[in-house]
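First the structure, in the form of structure tokens, and then the observations on it.
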Amino acid sequence: MRQISAAYIKAAKELLREKAALFWTIAWPIIWVFIGSFSFTGSVPQQVVPYVKGSIAISMMVFALMIAGMSNLPASIAGDRANGLLAKLKSMPVKPYKDFIGRISAVITFSLLAAALVIVIGTAVGARFTGTGVEIAQAIGFVFLVICASAGVGLIAGTLIKNLQGAIMTGVGIAVITSAISGILFPYEGLPVPLQTFARVYPISSAQASIVHLLAGPDMIAYNPLTSGQITLTIALSFALLLVGTVLYSRLGWKLE
Amino acid sequence: MFAVHVENLVKTYDSRRVLDGVNLDVPEGESYALMGPNGSGKTTLASIIAAVKTQDSGVVEVYGNKPAQAKEFIGYVPQENFSSPKLSGKENLVYFANLLGYSRSQANQLVIEMLHSVGLSEEADKRVAKYSGGMRKRLEVATAIFPGIKVLILDEPTTGLDPAARRSFFSMVQDIMGRKTSIILITHIGSDAELASRVGLIDNGKMIAEGTPDELKRKHAVEDVITVETAVNTDSVLSVLKGYSIDGKVAESETGYKIYARNGDRVMADVVRSLDQAGHKVMRIEMAQPTLEDVFFRLTEKNLQEATG
Numbered sequence: 469m470r471q472i473s474a475a476y477i478k479a480a481k482e483l484l485r486e487k488a489a490l491f492w493t494i495a496w497p498i499i500w501v502f503i504g505s506f507s508f509t510g511s512v513p514q515q516v517v518p519y520v521k522g523s524i525a526i527s528m529m530v531f532a533l534m535i536a537g538m539s540n541l542p543a544s545i546a547g548d549r550a551n552g553l554l555a556k557l558k559s560m561p562v563k564p565y566k567d568f569i570g571r572i573s574a575v576i577t578f579s580l581l582a583a584a585l586v587i588v589i590g591t592a593v594g595a596r597f598t599g600t601g602v603e604i605a606q607a608i609g610f611v612f613l614v615i616c617a618s619a620g621v622g623l624i625a626g627t628l629i630k631n632l633q634g635a636i637m638t639g640v641g642i643a644v645i646t647s648a649i650s651g652i653l654f655p656y657e658g659l660p661v662p663l664q665t666f667a668r669v670y671p672i673s674s675a676q677a678s679i680v681h682l683l684a685g686p687d688m689i690a691y692n693p694l695t696s697g698q699i700t701l702t703i704a705l706s707f708a709l710l711l712v713g714t715v716l717y718s719r720l721g722w723k724l725e
Numbered sequence: 112m113f114a115v116h117v118e119n120l121v122k123t124y125d126s127r128r129v130l131d132g133v134n135l136d137v138p139e140g141e142s143y144a145l146m147g148p149n150g151s152g153k154t155t156l157a158s159i160i161a162a163v164k165t166q167d168s169g170v171v172e173v174y175g176n177k178p179a180q181a182k183e184f185i186g187y188v189p190q191e192n193f194s195s196p197k198l199s200g201k202e203n204l205v206y207f208a209n210l211l212g213y214s215r216s217q218a219n220q221l222v223i224e225m226l227h228s229v230g231l232s233e234e235a236d237k238r239v240a241k242y243s244g245g246m247r248k249r250l251e252v253a254t255a256i257f258p259g260i261k262v263l264i265l266d267e268p269t270t271g272l273d274p275a276a277r278r279s280f281f282s283m284v285q286d287i288m289g290r291k292t293s294i295i296l297i298t299h300i301g302s303d304a305e306l307a308s309r310v311g312l313i314d315n316g317k318m319i320a321e322g323t324p325d326e327l328k329r330k331h332a333v334e335d336v337i338t339v340e341t342a343v344n345t346d347s348v349l350s351v352l353k354g355y356s357i358d359g360k361v362a363e364s365e366t367g368y369k370i371y372a373r374n375g376d377r378v379m380a381d382v383v384r385s386l387d388q389a390g391h392k393v394m395r396i397e398m399a400q401p402t403l404e405d406v407f408f409r410l411t412e413k414n415l416q417e418a419t420g
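Chains D and G, in that order, give the protein sequences. Mapping of the first sequence onto my numbering: residues 469 to 725, in sequence order. Mapping of the second sequence onto my numbering: residues 112 to 420, in sequence order.
If you want it as structure tokens, here you go:
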């Protein structure tokens, strides 16, 4: 337990002291909550505006979670490999899985902190949410799936890309591009048909659509992401990404030869 | 039982043998320097002893156990800086103490003592990003001297340090030597290796000589070393100097040429005269006792500093 908490505390402190991580994970989504809330709601009926703002805040929350998992996590892994810490840890009686649990727990904490801040700021600029207690619980479950899928992609990038800058840029690139083409940053209904199909398959955009559906209302999303088939696919692919990432990291992440 | 025992060690990368039948024994409490150029295999050897990498064949034992089973005895300081620049010196050490199983309160207590022992008490709460290279390296050595560690492996610890920082670093290492900790120092710098009680010279994955610094110098570099600096370095200068150096071996360095000769005083006068007759101006000529770098050159005809780049 001490090894897990040591890895957790170190990774959490590093994330909170890393200006780039703070900017991209917290400041950047918040900036877009402001821009989106005041720029993209002009032609919307007044009574709907709070829920449009709510859906924007949710989308930016998902984007923050993506950046945390896809960029901050691989940066932490690749950075420690590049600077020799991994070699040091391999020489010590440290279990790789404990380092993994501590590291990923810190990223999850940081993700949730970022998500909470984005939602608070969104609420402060007028976002409103609907949803019963059960729907809120379901939405939290989809947030968990976003974290799993993002962390899975991050683990794959951090394990396979040995270079620190390469790992960071790959993570940011995947997050920005996939969120742009899957209806997270731009409306689903404006996407061409092949990308609409991608948006339904990609577990993160599917989970985002589900959260919007649950907390901002079904009118805020152009399809129903809460069918049993869609939910099953989202859950399966989220866990599959995390599983692949975990297996790769545990087999190759500590390999230095 | 040796603290470290290595027997017929072989390691291959992409069909190239980076370690080719290496043997090494380090008794408890001994400081041992492993000296060689880049690519000689010394870092690979250190990382195998430190359980970071595994060998293809051969035996490696730390206190009679495979390195992976003896990690609690091993303190390894890789060449790269591994301490987190975003954490303070104290936070870094507490992290490693927790990894080793110390509770938070035990770690806090122990870390204060360790920071004192490496001379960083006053910098304990400063972020490592603000440390000098020497301070950072001392902090990283502290991560490798927790109680119970019996074998300290330092890989090129003085790379990038200025002379004052190197002196400060080695005075700290000498304090550690007093604790009966065995030290394996990986280096390409002769003056660093001189501090060890025994030195192994490694080249192309093979141990080419081993002994105390004095033994190595007596056995392999019995001559005087004459350093000659001329206004210009040409083949003609080289040709003259080769005529005066034993075996015709001339080492080139940034400060001039080095030749090896017996009766150095007489040879110096002859060299100046011959160069003058050949039309070359001698800017500086001096004689010195051989160093471990000279021993390495005499054995391999490789200039250690240049080979290391």
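C-beta atoms are modelled at their ideal positions from N, C-alpha and C, and glycine is treated no differently.
Can you tell which of the options has the C-alpha that lies nearest to the C-alpha of residue i?
i, options, result
"residue 301(G)", "216(G), 328(G) and 166(G)", "328(G)"
"residue 348(G)", "155(G), 269(G), 364(G) and 390(G)", "390(G)"
"residue 545(D)", "700(D), 685(D), 630(D) and 490(D)", "630(D)"
"residue 589(D)", "534(D), 608(D), 525(D) and 688(D)", "525(D)"
"residue 220(G)", "257(G), 376(G), 293(G) and 305(G)", "257(G)"
"residue 628(D)", "715(D), 476(D) and 515(D)", "715(D)"
"residue 684(D)", "539(D), 541(D) and 599(D)", "599(D)"
"residue 705(D)", "511(D), 578(D), 662(D) and 613(D)", "613(D)"
"residue 560(D)", "178(G), 281(G) and 397(G)", "178(G)"
"residue 135(G)", "114(G), 375(G) and 395(G)", "114(G)"
"residue 362(G)", "392(G), 380(G) and 402(G)", "402(G)"
"residue 555(D)", "386(G), 162(G), 132(G) and 116(G)", "162(G)"
May I have the straight-line CA-CA distance separating residue i from residue j, to the nearest angstrom?
i, j, result
"residue 214(G)", "residue 472(D)", "12 Å"
"residue 605(D)", "residue 653(D)", "24 Å"
"residue 312(G)", "residue 529(D)", "58 Å"
"residue 407(G)", "residue 202(G)", "42 Å"
"residue 188(G)", "residue 158(G)", "10 Å"
"residue 497(D)", "residue 487(D)", "15 Å"
"residue 518(D)", "residue 587(D)", "13 Å"
"residue 548(D)", "residue 350(G)", "51 Å"
"residue 261(G)", "residue 284(G)", "14 Å"
"residue 277(G)", "residue 268(G)", "9 Å"
"residue 676(D)", "residue 523(D)", "9 Å"
"residue 501(D)", "residue 207(G)", "40 Å"
"residue 153(G)", "residue 693(D)", "59 Å"
"residue 420(G)", "residue 156(G)", "The predicted model places residue 420(G) with a pLDDT of 40, which falls under 50 and marks its position as unreliable; any figure quoted below should be read in that light. Distance between the alpha carbons of residue 420(G) and residue 156(G) is about 20 Å."
"residue 364(G)", "residue 198(G)", "41 Å"
"residue 271(G)", "residue 303(G)", "13 Å"
"residue 660(D)", "residue 642(D)", "19 Å"
"residue 536(D)", "residue 413(G)", "50 Å"
"residue 143(G)", "residue 309(G)", "5 Å"
"residue 658(D)", "residue 664(D)", "9 Å"
"residue 531(D)", "residue 484(D)", "18 Å"
"residue 341(G)", "residue 405(G)", "20 Å"
"residue 418(G)", "residue 259(G)", "Reliability of the predicted coordinates at residue 418(G) is poor, the pLDDT of 47 falling under 50, and the value obtained from them is presented with this limitation in mind. Their Cα atoms are separated by approximately 37 Å."
"residue 194(G)", "residue 237(G)", "13 Å"
"residue 718(D)", "residue 662(D)", "35 Å"
"residue 411(G)", "residue 396(G)", "24 Å"
"residue 139(G)", "residue 306(G)", "17 Å"
According to DSSP, is residue i part of a helix, a strand, or is it coil?
i, result
"residue 227(G)", "helix"
"residue 505(D)", "helix"
"residue 376(G)", "helix"
"residue 420(G)", "Confidence at residue 420(G) is low in this model, with a pLDDT of 40, below 50, so the placement of that residue should be treated as unreliable; the coordinate-derived value is given next. Of the three classes helix, strand and coil, the one that applies to residue 420(G) here is coil, per DSSP."
"residue 305(G)", "coil"
"residue 354(G)", "coil"
"residue 331(G)", "helix"
"residue 272(G)", "coil"
"residue 369(G)", "strand"
"residue 112(G)", "coil"
"residue 426(D)", "Outside the modelled stretch of chain D, which goes from 469 to 725, sits residue 426(D), for which no answer is possible."
"residue 694(D)", "coil"
"residue 387(G)", "helix"
"residue 122(G)", "strand"
For chain B, is any of its Cβ atoms less than 8 Å away from the one on residue i?
i, result
"residue 521(D)", "Protein chains D and G are contained in the structure displayed, whereas chain B is not."
Legend entry - Residues within the segment 146-160 of chain G neighbouring chain D, beta-carbon criterion of under 8 Å: Per Cβ criterion, the list reads 158.
Legend entry - Segment contact flag, the segment 706-715 of chain D with the segment 616-624 of chain D, C-beta cutoff 8 Å, min 3 pairs: Touching, yes.
Legend entry - Residues within the segment 557-587 of chain D neighbouring chain G, beta-carbon criterion of under 8 Å: Cβ contacts with chain G come from 557, 558, 559, 560, 561 and 562.
Legend entry - Near-chain D residues of the segment 234-262 of chain G (beta-carbon distance less than 9 Å), N- to C-terminal order: Taken in chain order, the members of the segment 234-262 of chain G whose beta-carbon sits within less than 9 Å of a beta-carbon on chain D are 238, 251, 254 and 255.
Inset, instruction - Could you say if the segment 252-268 of chain G and the segment 178-188 of chain G meet the contact criterion of at least three C-beta pairs nearer than 8 Å? - result: Three or more beta-carbon pairs drawn from the segment 252-268 of chain G and the segment 178-188 of chain G are found closer than 8 Å, and the two stretches are therefore classed as touching.
Legend entry - Meets three-Cβ-pair contact criterion under 8 Å: the segment 352-361 of chain G and the segment 163-183 of chain G: Contact between the segment 352-361 of chain G and the segment 163-183 of chain G is absent: fewer than three C-beta pairs spanning the two stretches fall below 8 Å.
Inset, instruction - Decide yes or no for the touch test of the segment 115-124 of chain G against the segment 168-183 of chain G: beta carbon pairs closer than 8 Å, at least 3 of them. - result: Using a Cβ-Cβ distance cut-off of 8 Å, the segment 115-124 of chain G and the segment 168-183 of chain G are in contact, since at least three pairs of beta carbons, one from each stretch, lie closer than that value.
Legend entry - Within 7 Å of chain G by C-beta, residues of the segment 533-557 of chain D in sequence order: From the segment 533-557 of chain D, only 551, 552, 553, 555 and 556 have a Cβ closer than 7 Å to chain G.
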